[in-house]
Amino acid sequence: MSVRFVPILCAVGLLAFAGCGPAKLDVTLTLSLEAGRPKGQILEVQKKPQKVTIEYTSSASEVSVYVFKTSDADALEEPEKYKDKALATKTGKSETFAVEVPANVEVQVVFWSLKKTEVNAKLTNRK
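Count the sequence shown with mature numbering (1 follows the signal peptide of the UniProt record, and there is no 0) and you get residues -18 to -1, 1 to 109, in order.
Dropping the structure here:
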C-alpha cells in the first residue's frame, strides 16, 4: 500500500466512527425556584440508552430533583404527587446522582423546593 493512502484511510476510519454513541450532554443550569413551583430541563432524545449524572447545589433549602418521562405530563406540574412515576429522585441541598435513561425517550429533569432558593446544576452523560 502506498504511503499516500494512509491519511485517506485514517480519515475514512474517523468518519465511520463519527456519530457513534449518544450525543454529549453537558448542561449547566442556574434556576431561581419559588416555593412549591417546579422548574425543569428537557433532555434531548437519544437513540441509545445512556447514564445521565445530575449534580446540584441549593443556596437556601433542600431541593427535590426528579427525572420523569416527558410523556408523564401530570408529574411535571406536581412532582411530589407523582414521584412514583419518576425514573429517579434525590432530595438534599447538595447532591450527585445518576439515572439510566432509555433509548428514544424524552425526559425532563424537574427541580422543586418548599422554599424559595437558587439552584446550580450540571447535567452530563460523560463517564
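Just so it is clear, CB atoms sit at the ideal spot from N, CA and C, and this is done for glycine as well.
- Task: Could you tell me how far apart the beta carbons of Val34 and Asn86 are, in whole angstroms, since I believe they sit closer than 8 Å?
- Result: Here residue 34 is taken as the residue at index 52 of the sequence shown, counted from 1. Here residue 86 is taken as the residue at index 104 of the sequence shown, counted from 1. That belief does not hold up - the Cβ atoms of Val34 and Asn86 are roughly 15 Å apart, past 8 Å.
- Task: Specify the secondary structure class of Asp8 as computed by DSSP and reduced to three states.
- Result: For the purposes of this step, residue 8 is taken as the residue at position 26 of the sequence shown. Three-state result, Asp8: strand.
- Message: Since Thr39 and Ser76 should fall inside the 8 Å C-beta cutoff, what is the C-beta to C-beta distance between them, to a whole number of angstroms?
- Response: Numbered from 1 along the sequence shown, position 57 holds the residue referred to as residue 39. Numbered from 1 along the sequence shown, position 94 holds the residue referred to as residue 76. Confirmed, Cβ separation roughly 4 Å.
- Query: Can you pull the DSSP bridge partners for Asn102?
  - Reply: Position 120 of the sequence shown, counted from the first residue, corresponds to residue 102. Paired residues: Thr12 and Thr39.
- Buried or exposed (CB count within 10 angstroms, at least 16 for buried), Val101: What you label residue 101 is simply residue 119 of the sequence shown in a count that begins at 1. Burial call: buried.
- Task: Have a look at Pro20, Ile24 and Ile36 and flag the residue whose alpha-carbon is nearest the alpha-carbon of Ala80.
- Result: Walking along the sequence shown from the start, residue 80 turns up at place 98. When only C-alpha atoms are compared, the closest one is Ile36.
- DSSP three-state assignment for Ala80, whether helix, strand or coil: Here residue 80 refers to the residue found at position 98 of the sequence shown. Ala80: strand per DSSP, three-state reduction.
- Task: Tell me Thr73's beta-bridge partners as DSSP assigns them.
- Result: Numbered from 1 along the sequence shown, position 91 holds the residue referred to as residue 73. According to DSSP, which records beta bridges pairwise, Thr73 is partnered with Ser46.
- Message: Is the separation between the beta-carbon of Val49 and that of Leu69 shorter than 7 Å?
- Response: Within the sequence shown, the letter at position 67 stands for residue 49. Within the sequence shown, the letter at position 87 stands for residue 69. It is a contact, given that the beta carbons lie within the stated cut-off.
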